Every structure is written in C-alpha cells, then in structure tokens.
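Asks: Could you have a look at this structure, given as structure tokens, before my questions?
There are 2 protein chains.
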Amino acid sequence: MKIVSTIEQVKNLVNQWKSAGQTIGFVPTMGFLHEGHGSLITSARQQNEKVVVSIFVNPLQFGPTEDYDSYPHDIERDRQICEELGADVIFHPTPEEMYPKDFYTYVDMSGLTEGLCGDSRPGHFRGVCTVVNKLFNIVQPNRAYFGQKDAQQLAIIKQMATDLNMNVEVIGCPIIREEDGLAKSSRNAYLSSEERKAAQIVSKAIFAGEELVKSGEIDAEKIVTTMKNIVDSEPLAKVEYVNVVDGLTLKPVATIKPQTLVAMAVHIGKTRLIDNFIVE
Amino acid sequence: MKIVSTIEQVKNLVNQWKSAGQTIGFVPTMGFLHEGHGSLITSARQQNEKVVVSIFVNPLQFGPTEDYDSYPHDIERDRQICEELGADVIFHPTPEEMYPKDFYTYVDMSGLTEGLCGDSRPGHFRGVCTVVNKLFNIVQPNRAYFGQKDAQQLAIIKQMATDLNMNVEVIGCPIIREEDGLAKSSRNAYLSSEERKAAQIVSKAIFAGEELVKSGEIDAEKIVTTMKNIVDSEPLAKVEYVNVVDGLTLKPVATIKPQTLVAMAVHIGKTRLIDNFIVE
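Here the protein sequences line up with chains B and F, keeping their order. Note that the UniProt record's numbering has the first sequence beginning at 1, numbered continuously upward. Note that the UniProt record's numbering has the second sequence beginning at 1, numbered continuously upward.
The structure is reproduced here in structure tokens:
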C-alpha cells in the first residue's frame with residue numbers, strides 16, 4: 001500500500017487504473033480511523049478493484065471556534081488500518097496542496113445545508129461540498145463511501161453528485177456503534193471517562209425513538225419530546241437539536257414515513273456528538 | 001452527426017469513446033453559432049478524436065431583466081455549421097434536463113467574479129460556473145474551448161477547473177471579428193442597421209488602446225481615458241466600463257505588463273457588447 005501526498009501522484013495512479021479498465025472505490029476521511037471508517041473501506045474493497053482512502057482534515061469545513069487545530073490524528077495507526085483492510089493507496093495531502101494561495105472556487109447548496117447541523121455550523125457544508133468535489137475529481141472513483149452517521153453530509157453529497165452530474169455512485173453505510181451503543185466517531189476521543197459514560201445517553205435516546213416508531217408512533221413531535229427528555233435526564237448532556245426530516249430533502253416532516261430521518265446533535269461538555277436513525 | 005438531448009445519451013456515447021481510449025474536445029455554446037464558435041469547433045476538431053458541441057441557453061446565467069427569453073436561436077443552421085465543421089455530436093438539452101425540479105447545488109467563486117461584467121451582472125458567473133461544471137462532468141472532455149472575447153468567463157472557467165482539480169484542459173481561442181472590426185457575437189443580431197454601424201466604435205476603441213500600448217504607453221489610466229473618449233464620440237454608444245486588469249486574477253492594475261487584460265463593455269441602444277485585448 002502506498003501513501004501519496006500530491007494530487008499529481010493520485011491522478012497518475014488513477015489514470016493508469018482507469019486505462020486498464022479497473023474500478024475505483026473511494027473512502028474520504030479526516031483520519032483517526034475507527035471501525036466506522038473500517039466498514040466503509042471493507043465495502044469499497046468488496047465492490048471495487050482498487051481502493052483509495054483519503055486522510056485530510058479539511059480546514060474549509062471548520063468554523064473559527066471549532067476544533068480544526070485539535071482534531072485528533074494518528075497517521076501511523078491509520079496506515080496500519082488501511083493496510084489491513086486492503087486499501088491500495090492513502091491520499092494524505094497538506095492543506096496547501098488542496099488549497100494553494102490563489103484558490104477562489106467553492107461548491108455550495110441551497111436547501112439541504114440549512115437546518116440540522118447547518119444551523120450551528122454556518123459554512124460547514126460549503127466546505128464539505130468543495131473538498132468532496134475536489135476529491136472526486138482527483139480520485140475519479142466509480143463509487144464513494146460515506147457513513148450514515150453524518151446523515152446530512154451524506155444527503156448533501158448525494159445531491160451534489162446528482163445535481164452536478166458527477167460520474168460517481170455515492171453509497172451510504174450503516175452507523176457502527178461501541179458496545180454500549182455510542183456511535184463511533186473520531187471526536188469520541190475528546191470525552192473524559194465521566195463524559196464517555198454520560199455519552200451513552202445519546203444512543204439511548206436514538207434507540208428509544210426507534211422503539212417508539214416500531215411501536216407505531218407516527219407523530220414527529222412526540223418522538224422528539226421523548227428523545228429530548230431522555231437526553232435531558234443526563235446532567236452532562238445538552239441537546240442542540242432533535243429533528244424529524246425527509247431523508248432526501250432534509251425538510252421537516254410532522255408525520256413519520258419510510259425514509260424519514262430522525263437526527264440529533266448533543267453536547268457532552270465541550271464535545272459535540274451527532275447520531276440518527278432512518279425509518280425503514 | 002448526432003443531435004442528442006438527454007444527459008444519459010451523452011454519457012453513453014462518451015463512455016464508449018473513453019473505453020476506446022479516444023480523446024474528446026468540447027465546445028460549450030448557447031447556439032446561434034457564428035465564426036467565433038466555428039473557430040472553436042475547428043480547433044477542437046484538429047486536436048481531438050471526438051468533438052462535442054453543446055447548445056444550451058442557460059437560464060441560470062441570465063439576470064431577471066436580461067435577454068434570456070429573446071436570446072436568438074436557429075438550431076437548424078447550428079446543426080449545419082456543426083456538421084460542416086466535423087463535430088460528432090450536438091448536445092441540445094432542455095432547461096428541465098439540466099435543472100430538474102429538485103436542483104440545489106451551485107458552483108461559485110470569490111474574487112474573479114467581481115469587477116468587469118460581474119458588477120452589472122450579479123449571479124451571472126455563478127450560473128456560468130454551475131452549468132460549465134455540469135457540462136464538463138457530462139461530456140468529460142480532455143479539452144474544452146472558449147472564446148477570448150468573453151475574457152472574464154475564460155479566466156473564471158480556467159480558475160474553476162484548476163481549483164476543483166477537474167480533468168480538462170481549458171483552452172482560450174482568439175477573438176474573431178467582422179470585416180469592420182466588430183467582435184463576432186450572437187448578440188450582434190440585436191443591432192438595428194444604424195446601431196450596427198455605431199457598434200464599430202467598440203473595436204475602434206480596442207484597436208486604439210492596442211496601438212497606444214504598442215507605442216509604449218504603460219499608464220492604464222491614460223489608455224482607459226483614450227478608449228472611453230473614442231466610445232463617447234459615438235452618440236448611440238454608452239460605456240459601461242473600460243478596465244485594465246491582470247489577465248489571470250482579473251485584479252485592477254495601474255501599469256501595463258505582458259498578460260494584462262484591457263476589457264470593455266459598451267451599450268449600443270439596448271444591446272450590451274463586450275470586447276478586449278491582451279497585452280503580449
């Protein structure tokens with residue numbers, strides 16, 4: 001497995017593979033890989049002849065008060081994980097390689113970027129769209145894999161790929177959880193041991209919401225109230241939002257239907273965690 | 001030569017060509033083709049194995065008071081021109097094919113879209129970037145050809161392709177002129193015969209500016225004043241701007257250097273004409 005840091009190196013490899021008619025699976029990450037990323041790499045490995053993982057903490061998608069500078073990293077561990085899971089290449093560029101001095105273009109979206117995480121993270125999804133657009137053009141994958149945990153991100157990237165007629169299939173993969181239910185996230189590393197215990201409340205609320213839906217509840221308001229009350233029972237946890245929206249358009253819905261997305265963001269101390277479920 | 005109207009048809013053709021290792025040249029147009037477009041198609045024909053011409057009057061790049069509804073068209077004449085010049089396919093989609101109901105994404109730029117035509121046409125270059133991005137993804141050309149007449153558009157598209165790591169070489173081709181000097185433009189069709197005579201003043205000002213530079217003048221202000229005075233001598237003409245800018249960044253410069261762009265927009269009656277020259 002190779003680690004390359006320049007766009008030119010990736011394009012050269014990709015062009016060789018494409019000339020040979022080989023399919024490419026792509027897993028874009030910000031590194032500090034966990035089993036959630038692992039499941040994406042495994043899917044990519046099963047469905048494509050070549051697999052590229054990118055590791056890039058994208059400054060463009062962090063707000064000025066967010067955790068860009070402290071985002072966790074461990075490139076050596078990431079390398080081992082990618083190697084074990086059968087990736088062919090890690091693309092690990094510098095910020096300057098991705099955003100040289102005279103960089104002016106961005107990709108943005110109306111509609112789906114408002115609401116949910118978009119409200120508290122202005123500019124975040126513009127940063128996500130721009131970097132993923134660039135990465136798709138660099139790696140030219142047949143398929144790209146994203147976690148369902150970042151449900152809004154996944155919906156937005158699917159929409160971008162459709163709207164801009166990009167030649168890539170965007171595939172969402174299920175949320176991977178710790179034994180106690182907490183959704184795997186690189187940001188879980190920020191939690192103190194006390195906070196880590198308290199963080200269980202997030203998935204508890206998610207599971208309770210799911211149960212309520214399975215029991216036949218279709219009133220979004222009631223589901224939201226139940227989930228908020230559960231989180232509020234944990235003194236270290238503070239709900240940012242619990243929203244019930246259409247899974248594709250992300251527009252709020254009052255009544256649960258198949259493909260409805262129930263998504264939440266919760267702060268545990270200084271750490272912001274997100275989780276969600278999709279109605280079957 | 002084929003005319004196709006769906007994105008799927010173009011992608012199918014393009015994928016066949018790419019599988020066979022053939023290079024693709026692309027000429028995006030709004031139709032009502034003239035010798036300026038013709039020169040682009042000819043260049044594409046000489047430099048690529050396959051040539052695609054798109055004909056699409058892009059609603060997204062017209063302001064609410066602009067000429068979207070009256071933009072001239074003659075698809076049968078366009079077809080003949082493309083056929084004679086050896087194009088392989090015309091892509092002629094409907095607005096609904098390019099912008100279906102749930103369309104949310106756009107591509108925009110900071111910096112280069114301000115100034116020059118950007119000041120009087122807010123949103124214009126966002127519309128241009130978005131449609132060209134889509135067309136590049138649909139046609140997947142090796143090379144795409146644009147006229148130097150739309151100098152700001154050319155600089156912006158080059159910047160977009162660079163910033164987003166698009167796999168296409170953007171090629172600018174020289175301005176083609178009528179016998180009396182008027183730069184070829186589909187919008188010249190709007191001019192009455194009296195206005196058509198008056199429109200000569202635009203290229204006269206351009207040629208005078210060029211002469212001044214050739215004679216050694218490097219003061220941008222003096223060149224602008226000379227050119228404005230020439231246009232002002234024509235009662236039917238009204239200067240919108242004469243600007244001297246860096247040819248790549250489009251930032252104003254006070255002193256002429258190689259690659260400086262001298263660009264102007266002039267209104268003749270209700271018709272807006274643009275012209276420019278680049279310092280060698």
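For glycine and all other residues, C-beta sits at the position ideal for the given N, C-alpha and C. Keep in mind it's a predicted model, so treat the numbers as computed, not measured.
(1) State yes or no: is the beta carbon of Gly269/B nearer than 7 Å to at least one beta carbon in chain F?
(2) Excluding the 5 residues preceding and the 5 following Lys228/B in the sequence, name in chain order all residues of the same chain whose CB lies nearer than 7 Å to its CB.
(3) Going by the DSSP bridge assignment, what does Ile55/F pair with across the sheet?
(4) Is the separation between the beta-carbon of Phe91/B and that of Val4/B shorter than 7 Å?
(5) Could you work out which residue in Val245/B, Arg272/B, Glu178/B is closest to Gln259/B when comparing CA atoms only?
(6) Who are the neighbours of Met109/F on chain B, taking C-beta pairs under 8 Å?
(7) Who are the neighbours of Met166/B on chain F, taking C-beta pairs under 7 Å?
(8) By Cβ distance below 6 Å, which residues in the same chain neighbour Val168/B in space, the five residues on each side in sequence not counted?
(9) Are any of the Cβ atoms in chain A nearer than 7 Å to that of Asp163/F?
(10) Have a look at Ala20/B and Pro100/B and give me their C-alpha separation to the nearest angstrom.
(11) Under 9 Å, CB to CB, which of the residues in the stretch 246-271 of chain F have a partner in chain B?
(12) Output needed for Phe277/B: all residues of its chain with C-beta closer than 6 Å, excluding positions within five of it in sequence on either side, in chain order.
(13) Answer with yes or no whether the minimum CB distance from Leu112/B to chain F is below 7 Å.
(14) Can you name the start and end residues of the beta strand (DSSP E) that Ala144/B belongs to?
(15) Within the 7 Å Cβ cut-off, does Gln16/B reach chain F?
(16) Can you name the start and end residues of the beta strand (DSSP E) that Val89/B belongs to?
(17) What's the gap between the Cα of Asn58/B and the Cα of Pro95/B?
(18) Can you find a C-beta in chain B that's less than 7 Å from the C-beta of Lys149/F?
(19) List, in order along the chain, the chain F residues whose C-beta lies closer than 8 Å to that of Lys101/B?
(20) Starting from Asn276/B, trace the beta strand (DSSP E) both ways and give me its first and last residue.
(21) Counting along the chain, where does the beta strand (DSSP E) carrying Lys243/F start and finish?
(22) I want to know whether the stretch 167-182 of chain B touches the stretch 110-125 of chain F - three or more CB-CB distances under 8 Å.
(23) When you compare the CB positions of Leu85/B and Thr23/B, do they come within less than 7 Å of one another, or not?
(24) Tell me the residue span of the alpha helix (DSSP H) that contains Ile157/B.
(25) Alpha carbon to alpha carbon, how far is Ile55/F from Val132/F?
(26) Would you identify the three-state DSSP class for Tyr106/B, choosing helix, strand or coil?
(27) List the residues of chain B whose Cβ lies closer than 7 Å to the Cβ of Lys134/F, in chain order.
(28) Can you say whether Gly63/F is buried or exposed, counting buried as having 16 or more other CB atoms within 10 angstroms of its CB?
(29) Please tell me whether residue 287/F has its Cβ less than 7 Å away from any Cβ of chain B.
(30) I'd like to know whether the C-beta of residue 281/B is nearer than 7 Å to at least one C-beta of chain F.
(31) In angstroms, rounded to a whole number, what distance separates the CA positions of Lys251/F and Gly127/F?
(32) Rounded to the nearest angstrom, what separates Lys222/F and Ala208/F at their Cα positions?
(33) Can you name the start and end residues of the alpha helix (DSSP H) that His37/B belongs to?
(34) How many Å lie between Ile268/F and Arg177/F at the Cα?
(35) Would you identify the three-state DSSP class for Val168/B, choosing helix, strand or coil?
(36) Among residues of its own chain, excluding the 5 on either side of Glu280/B, which ones have a beta-carbon nearer than 8 Å to its beta-carbon?
Replies: On the basis of the supplied data:
(1) In the first sequence, counting from the first residue as 1, residue 269/B sits at position 269. It does not: the Cβ of Gly269/B has no partner Cβ on chain F nearer than 7 Å.
(2) Counting from one through the first sequence, the residue named residue 228/B turns up at place 228. Only Val239, Val242 meet the Cβ criterion.
(3) The residue given as residue 55/F occupies position 55 in the second sequence. Bridge partners of Ile55/F: Thr29/F.
(4) Here residue 91/B corresponds to residue number 91 of the first sequence, with the count starting at 1. Here residue 4/B corresponds to residue number 4 of the first sequence, with the count starting at 1. Their beta carbons are under 7 Å apart, which means Phe91/B touches Val4/B by this criterion.
(5) Counting from 1 along the first sequence, the entry for residue 259/B is found at position 259. Among Val245/B, Arg272/B, Glu178/B, the Cα nearest to that of Gln259/B is on Val245/B.
(6) Locating residue 109/F in the second sequence gives position 109, where the first residue counts as 1. The answer, in chain order, is Tyr104, Thr105, Tyr106.
(7) Position 166 of the first sequence, counting from 1, holds the residue named residue 166/B. Result: Asn137.
(8) Translated into positions along the first sequence, residue 168/B becomes position 168. Taken in chain order, the residues that qualify are Phe136, Pro141, Ala144, Ala161.
(9) The chain labelled as chain A is not found among the protein chains of the depicted structure, namely B and F.
(10) By 1-based counting over the first sequence, the position of residue 20/B is 20. By 1-based counting over the first sequence, the position of residue 100/B is 100. In a straight line, the C-alpha of Ala20/B is about 31 Å away from that of Pro100/B.
(11) Leu248, Thr249
(12) On the first sequence, position 277 is the one that residue 277/B refers to. Result list for Phe277/B: Ile206, Glu210, Val262, in chain order.
(13) Here residue 112/B refers to the residue found at position 112 when the first sequence is read from its first residue. Judged by the 7 Å Cβ criterion, Leu112/B is in contact with chain F.
(14) Position 144 of the first sequence, counted from the start, is the residue given in the question as residue 144/B. From DSSP, the beta strand (DSSP E) with Ala144/B extends over 143-147.
(15) Within the first sequence, residue 16/B is the residue found at index 16, counting from 1. Output row for Gln16/B: interface = no.
(16) On the first sequence, residue 89/B is found 89 positions in, with the first residue counted as 1. Note, Val89/B: beta strand (DSSP E), 89-91.
(17) By one-based count along the first sequence, residue 58/B stands at place 58. By one-based count along the first sequence, residue 95/B stands at place 95. Asn58/B and Pro95/B: Cα-Cα distance of roughly 7 Å.
(18) The residue given as residue 149/F occupies position 149 in the second sequence. At a cut-off of 7 Å, the C-beta of Lys149/F has no neighbouring C-beta in chain B.
(19) Along the first sequence, read from residue 1 onward, the residue named residue 101/B stands at position 101. The premise fails here: Lys101/B is roughly 11 Å from chain F at the closest Cβ pair, so nothing lies under 8 Å.
(20) Position 276 of the first sequence holds residue 276/B. 271-278 is the extent of the beta strand (DSSP E) around Asn276/B.
(21) Within the second sequence, residue 243/F is the residue found at index 243, counting from 1. Per the sequence presented here, residue 243/F reads as Asn, with Lys not at that position. Taken as a continuous stretch (DSSP letters only), the beta strand (DSSP E) holding Asn243/F covers 237-246.
(22) With the rule of 3 Cβ pairs closer than 8 Å, the stretch 167-182 of chain B does not count as touching the stretch 110-125 of chain F.
(23) Your numbering for residue 85/B matches position 85 in the first sequence. Your numbering for residue 23/B matches position 23 in the first sequence. Result no, Cβ atoms of Leu85/B and Thr23/B do not sit closer than 7 Å.
(24) Here residue 157/B refers to the residue found at position 157 when the first sequence is read from its first residue. In this chain, the alpha helix (DSSP H) harbouring Ile157/B covers 151-163.
(25) Numbered from its first residue, the second sequence carries residue 55/F at position 55. Numbered from its first residue, the second sequence carries residue 132/F at position 132. So the two alpha carbons sit approximately 12 Å from each other.
(26) The count along the first sequence starts at 1 and reaches residue 106/B at position 106. Per DSSP, reduced to three states, the secondary structure at Tyr106/B is strand.
(27) In the second sequence, the residue the question calls residue 134/F occupies position 134. The contacting residues are Leu164, Asn165.
(28) By 1-based counting over the second sequence, the position of residue 63/F is 63. Per the 10 Å Cβ criterion, exposed.
(29) Outside the modelled stretch of chain F, which goes from 1 to 280, sits residue 287/F, for which no answer is possible.
(30) An answer regarding residue 281/B cannot be provided, because it is not within the stretch 1 to 280 covered by chain B.
(31) Here residue 251/F refers to the residue found at position 251 when the second sequence is read from its first residue. Here residue 127/F refers to the residue found at position 127 when the second sequence is read from its first residue. Taking the straight line joining both Cα atoms gives about 21 Å.
(32) Walking along the second sequence from the start, residue 222/F turns up at place 222. Walking along the second sequence from the start, residue 208/F turns up at place 208. Going by the C-alpha atoms only, they are around 12 Å apart.
(33) As a first step, residue 37/B must be located in the first sequence, where it is residue number 37. Taken as a continuous stretch (DSSP letters only), the alpha helix (DSSP H) holding His37/B covers 35-47.
(34) On the second sequence, residue 268/F is found 268 positions in, with the first residue counted as 1. On the second sequence, residue 177/F is found 177 positions in, with the first residue counted as 1. Those two C-alpha atoms are separated by around 17 Å.
(35) Taking the first residue of the first sequence as 1, we reach residue 168/B at position 168. Here Val168/B sits in coil by DSSP.
(36) Here residue 280/B corresponds to residue number 280 of the first sequence, with the count starting at 1. Around Glu280/B: Pro258.
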